[in-house]
Every structure is written in C-alpha cells, then in structure tokens.
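J.: For what it's worth, our numbering labels the leading residue of the sequence shown as 53, then goes sequentially. Glycine is no exception: its CB is placed at the ideal position from the N, C-alpha and C atoms.
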Amino acid sequence: MVSGVKPINLTARNTHIIPFDFEYYEPRSIDELIEILSEFRDQAKILAGGTDLIIKMKVRLVEPRVLVNIKKIPGLRYITEDEDYIRIGALTTLRDVEKSEIIRKHLPALHDAVRVMGSIQVRNMATVVGNLCNASPAADTAPPLLVHNARVVVLSSRGERVIPLEEFFKGPGVTVLEPDEVVVEVIAEKATRGSSAFEKVSRVSVDLAIASAAVYAEISSDSVIESVKVAVGSVAPTPLRVRLLEERVKGLRVESEELKRALYVIDREISPITDVRSTAEYRRHVVKILVWNALKRVYKRIKGEV
Ligand SMILES: Cc1cc2nc3c(=O)[nH]c(=O)nc-3n(C[C@H](O)[C@H](O)[C@H](O)COP(=O)(O)OP(=O)(O)OC[C@H]3O[C@@H](n4cnc5c(N)ncnc54)[C@H](O)[C@@H]3O)c2cc1C
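#1: Tell me where the alpha helix (DSSP H) around Tyr334 begins and ends.
#2: To which residues of the same chain is Thr144 closer than 7 Å at the C-beta, ignoring the five residues directly before and after it?
#3: Can you have a look at Lys312 and say buried or exposed, based on whether 16 or more other CB atoms are within 10 angstroms of its CB?
#4: In terms of DSSP beta bridges, what is Tyr77 paired with?
#5: With 16 as the cutoff for other CB atoms within 10 Å, does Phe92 come out buried or exposed?
#6: Measuring CA to CA, which of Asp73, Val276, Ser247, Ser286 is closest to Val358?
#7: Taking the straight line between their C-alpha atoms, what separation do you get for Glu78 and Asp192?
#8: Quick one: what does DSSP say Lys312 is sitting in, helix, strand or coil?
#9: If you count every other CB in all the chains shown that lies within 10 Å of the CB of Leu315, and 16 or more means buried, which is it?
#10: Can you give, in chain order, each stretch of the beta strand (DSSP E) that sits fully within the segment 146-211 and has at least 3 residues?
#11: Any heavy atom of ligand 1 inside 6 Å of the beta-carbon of Asp94?
#12: Using only the alpha-carbon positions, how far apart do Lys352 and Arg203 sit?
What follows is the structure, encoded as structure tokens:
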C-alpha cells in the first residue's frame, strides 16, 4: 500500500465482470500517480477510457494486481495550439478530437481517423493516448500522428522524457514505456504549407482496420508532390512510416501513371499477416489504394475543394 493513499476495495462491491481480484487506485494528482506507479511498477496498469484494457481484463489477457484510474487527475484533458504545434492531453477523448476545430484545421488526418473509430459510445470513453499506449498495429490515431511528426511526453519519478512517436512502438501491444512511466501529452506538428488525410478499410464500420494509411504532403498547384510523409497501419507489427515510398513518390504528380508504379515499393517495407480480418495479399493490395486515395484527398484539401 502507498503511504497516505488507500486502495478502494472493489471486491466488496457488485462488480462481477472481472474474474480476479485487484487493488484499485484513483490518484488525484500526477505526483500521487507517479508514487503509485513507482511502488507497483509492472504489477500496475493505468486505466484511461478502459475501452481496450477492461476488455483484456475480462478475458484475462492481462491481470494487473493494481488498477490505477487516472481520470480523476485534473488538467489532463485538453487540446491546445501554439504557432507550430498542437498538444493533446492524456485524458482527451476521441470525441473531443472529433469535435475540435483546431484538430480539423491543423491535423486533418487525425480528424479523419477519429471519425471512423468505433462507435460514438466508444469515442466518448476512449482516449488518443490510450490508443497509442495500447500499441495495436491497427491503432488508427498512430498513422496520422506519425505523419505529423508527433512526440509523446512521458513522466516518471526520474523526471520527464520526450519520445518521437516513430520510436515509441516496439511490437504488437508493446511500447518503449517503462512500467512506472505515464504518457501525459502528445505533441504534433501543425499542417502548415501542406495538408494531410487518413484512409482506412475495415470489414464493417465499427471494426479495426484491415489496413490504413495517412499522408501529409505539400503539393504544387500543378499536382507535383513536393514534400511527403506516409504512414501505414495494420500491415506490419507496428504502425510505421514508409520512407522508401516517400522518397519514390516525391516529385511525381498526383494520379499519374508514374505514381501508380512507384507505390509498389511499399511491398519492401511492409510485412502484413493473414488473420481473421484479412489475408496478407489483400492488405498488400489495398494499402497502395489507400495511399493513392489519401494523396488525392490531400491535393483536394490544398486546393480548398474538400
Ligand atoms: C467497439 C470498439 C471499437 C473500437 N474501434 C476502434 C477503431 O476503429 N480503431 C482503433 O484504433 N481502435 C478501436 N478500438 C480500440 C480502443 O477504443 C482504442 O484503442 C482506445 O483509443 C483506447 O483508449 P482508452 O482510453 O480506452 O485506453 P485504455 O483501455 O484505458 O488503455 C489502453 C492501454 O493504454 C495504457 N494507457 C492508457 N493511458 C495511458 C497513459 N496516459 N500512459 C501510459 N499508459 C496508458 C493502459 O494501461 C492500457 O494498457 C475499439 C474498441 C472497441 C471496444
């Protein structure tokens, strides 16, 4: 037990949905949270929206001895902007992002992504940071944030560290976070000269992606791609930037035959699998179409057509 902070005895209440005992904490400050995480380390799990974690607990995929609900910590739910960056707090929900004019204007790909994530009930609970920390290869907020050069701000008893999102994911369900670390904020670069878009294909509307792609690009008025970043989801163990593809498509025209051919280089950068959602072959095929469509939408956005 952490000094001065009493766990709440949940087993004394009517919560029959989770089939094992755990201690439950509701810290009221970051300092209190860090004290709890330092004490329990890998025995503890942070609970934000719970839309991933509670499901995993119900089926005993994870069995934390200590559950730490961070929702009572004030000051973690915000979207702010300065000249170059957007900051998204750890308790900001997908619905907050969907309704945000700042996100729609400056991180359009992220806005596209949250609109097609889960149902409205899920989006009301789920957080952007929880989506990243869950580290699914299909995490829909990851490709948009990767093309906007996002970084995550992490706190622990050792202080603060800032991790580029590109270095954050290690594999399915695994990040570089230490067990006593908490992500407090995501910082992403605004679309300044260009624009961005996100495309996804899934089996039904409320489902994880079969494949997804986000593009940030600067495109001239005669459709030449002057600068581009591309990230994809569900086609590798982690969401990832596809830099070979970026190099190949730079200088080509949107919707040109050359661009169509150049997209095939992505096959050297991805390693899709066959699972319940799709075959690997279909993922390889469709991800190219998603990149193509995302580039077209970015161009339309730059021209002010959508
Ligand atoms: C019906 C349904 C549909 C869904 N559809 C989609 C979809 O279309 N696309 C998609 O990408 N996802 C989807 N999801 C998954 C889920 O909603 C998201 O991944 C969600 O954003 C997770 O956020 P959360 O706040 O609920 O996280 P939680 O479940 O609370 O936490 C997830 C993980 O992150 C850790 N964590 C949370 N916050 C922090 C923090 N601040 N610091 C460190 N670790 C932290 C937790 O310990 C846990 O391991 C869906 C889920 C459901 C139930």
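T.: With the structure as the only source:
#1: Segment 332-354, the alpha helix (DSSP H) holding Tyr334.
#2: Cβ-Cβ distances below 7 Å link Thr144 to Arg129, Tyr130, Ile131, Thr179, Val180 in the same chain, with the five nearest sequence neighbours on each side left out; the list follows chain order.
#3: Burial call: exposed.
#4: Its beta-bridge partners are Val120.
#5: Looking at its Cβ environment, which holds 16 or more other Cβ atoms inside 10 Å, Phe92 is buried.
#6: For Val358, the closest alpha carbon among the candidates Asp73, Val276, Ser247, Ser286 is that of Ser247.
#7: Taking the straight line from one Cα to the other gives about 28 Å.
#8: Helix, per DSSP.
#9: Looking at its Cβ environment, which holds 16 or more other Cβ atoms inside 10 Å, Leu315 is buried.
#10: Segments of the beta strand (DSSP E) lying fully in the segment 146-211: 203-208.
#11: Asp94 Cβ: outside cutoff for every heavy atom of ligand 1.
#12: Per the coordinates, the alpha-carbon of Lys352 lies some 28 Å from the alpha-carbon of Arg203.
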